[in-house]
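Heads up, the thing below is written out as structure tokens.
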Amino acid sequence: LTAFIVRRSDGLISLHAAVATVEAGAAAILGDSHAGKTTTAIACARVGMQLYSDERCLIDRETIAHPFPRAINIRDTGRRLLTEDTLDGDDPIGRRLRACPDSALNDVHFSDLFGQDECRPRPLRAVFLIAGISAQASLGAATASDATRAAARWACGAGRGFDKLTRLFEIFRNVACFSLVLGTPDASARAVRAGLEATCLEHC
Numbered sequence: 003l004t005a006f007i008v009r010r011s012d013g014l015i016s017l018h019a020a021v022a023t024v025e026a027g028a029a030a031i032l033g034d035s036h037a038g039k040t041t042t043a044i045a046c047a048r049v050g051m052q053l054y055s056d057e058r059c060l061i062d063r064e065t066i067a068h069p070f071p072r073a074i075n076i077r078d079t080g081r082r083l084l085t086e087d088t089l090d091g092d093d094p095i096g097r098r099l100r101a102c103p104d105s106a107l108n109d110v111h112f113s114d115l116f117g118q119d120e121c122r123p124r125p126l127r128a129v130f131l132i133a134g135i136s137a138q139a140s141l142g143a144a145t146a147s148d149a150t151r152a153a154a155r156w157a158c159g160a161g162r163g164f165d166k167l168t169r170l171f172e173i174f175r176n177v178a179c180f181s182l183v184l185g186t187p188d189a190s191a192r193a194v195r196a197g198l199e200a201t202c203l204e205h206c
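With my numbering as the guide, the letters of the sequence shown map in order to residues 3 to 206.
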């Protein structure tokens, strides 16, 4: 994937981030490995968002996020958190997770878990930087510099050194940046959705 992105000439950038969308735009969820990106991304789908990827945010020169629906690997901790957290009303994703044997949670295809329609590219409107875990999910303010530092290590396709930092800063300077403290998966997902929807309203 890195070689594919780096060799492209159309300016596509890959960030190590989950991506979930509402009709008006996309949100990138950044965090280190084991920070909770996949769990939060699946919970975003449970609260009515459309999932583009639990691992990679692909952004073009126009800051449009493109779907990357690779198969998902769900760790035991994430599955436990998601199945213990219960939504009000119908929860088809929760039912699918509870019905799967443990061995079936590697390489889970999007259509098997979400049954969602084909995704289409949407403008990136917000980025959420996972900043830890607490009893309650919460959003705080973050800056483009914070997002640039969080994304720089694993970003590819943006060049190297100062060129990479400049390109990333230009992306994040034009989107809303949030610090996200995770609570339960669904509370975290609702916080992401609320932050994204509020940001999208500002662009309407």
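All residues carry an ideal CB built from backbone N, CA and C; glycine is no exception.
key: DSSP beta-bridge partners of Pro123   = As far as DSSP is concerned, Pro123 takes part in no beta bridge.
ask   = Distance, Cα to Cα, Pro69 vs Ile61?
value = One C-alpha to the other measures close to 9 Å.
ask   = Do you know how far the Cα of Ser35 is from the Cα of Arg100?
value = Each residue's alpha carbon lies about 24 Å from the other.
ask   = Pick from Ala73, Thr186, Ile44 and Ala154: whose alpha carbon is nearest that of Ser140?
value = When each option's Cα is compared against that of Ser140, the closest is Thr186.
ask   = Just checking my contact of Asp188 with Asp87 at CB under 8 Å: how many whole Å lie between their CB atoms?
value = Confirmed, about 5 Å.
message = Taking only three categories from DSSP, how would you classify Cys46?
response = If DSSP states are grouped into helix, strand and coil, Cys46 belongs with the helices.
Spatial neighbours of Ala45 in its chain, beta-carbon cut-off 7 Å, leaving aside the 5 residues before and after = Result list for Ala45: Leu84, Pro187, Asp188, Ser190 and Ala191, in chain order.
ask   = Sorted by chain position, which residues of the same chain lie with C-beta nearer than 6 Å to Thr79's C-beta, five sequence neighbours on each side aside?
value = By the criterion of a C-beta distance shorter than 6 Å, Thr79 is surrounded by no residue of its chain, once the five residues flanking it on both sides are discounted.
inquiry  = For a test of the three-state rule: what should DSSP assign to Gly27, helix, strand or coil?
reply    = Look at Gly27 here: in three-state DSSP terms it is strand.
ask   = Buried or exposed: His18, going by 16 or more other Cβ atoms within 10 Å of its Cβ?
value = The residue in question, His18, is buried, as its Cβ has 16 or more Cβ neighbours within 10 Å.
ask   = Rounded to a whole number of angstroms, what is the C-alpha to C-alpha distance between Arg2 and Trp156?
value = Nothing can be reported for residue 2, as the shown portion of the chain is limited to 3 through 206.
query = Taking 7 Å as the CB-CB cut-off, is Arg58 touching chain C?
reply = Checking the listed chains, one finds no chain C in this structure; it contains a single protein chain.
request  = Quick one: give me the first and last residue of the alpha helix (DSSP H) that Val194 is part of.
outcome  = For Val194, the enclosing alpha helix (DSSP H) begins and ends at Pro187 to His205.
key: Gly1 - DSSP class collapsed to helix/strand/coil   = The shown model of the chain, from 3 to 206, leaves out residue 1, and the question about it has no answer.
query = Are there 16 or more other CB atoms within 10 angstroms of the CB of Arg77, so buried, or fewer, so exposed?
reply = By the Cβ-count criterion, Arg77 is exposed, with fewer than 16 other Cβ atoms from all chains shown falling within 10 Å of its own Cβ.
ask   = Cα separation between Ala181 and Arg58?
value = As written in the sequence, residue 181 is Ser, which differs from the Ala given in the question. When rounded, the separation of the alpha-carbon atoms in Ser181 and Arg58 is 19 Å.
query = With distances taken from CA atoms, which of Arg63, Ala133 and Gly197 is nearest Ala22?
reply = Cα-wise, what sits closest to Ala22 is Gly197.
key: Inter-residue Cα distance where the pair is Arg169 and Ala160   = Rounded to whole angstroms, Arg169 to Ala160 spans 6 Å at the Cα level.
Given Arg195 as reference, the closest of Glu25, Leu3, Ile66 and Ile15 once Cα atoms are compared = Arg195 has its Cα closest to that of Glu25, out of Glu25, Leu3, Ile66 and Ile15.
key: Gly38, buried or exposed, once every other Cβ within 10 Å from all chains shown has been counted against 16   = By the 16-neighbour rule on beta-carbons within 10 angstroms, Gly38 is buried.
request  = Mind checking which residues open and close the alpha helix (DSSP H) that includes Leu99?
outcome  = Per DSSP, Leu99 belongs to the alpha helix (DSSP H) from Pro94 to Ala101.
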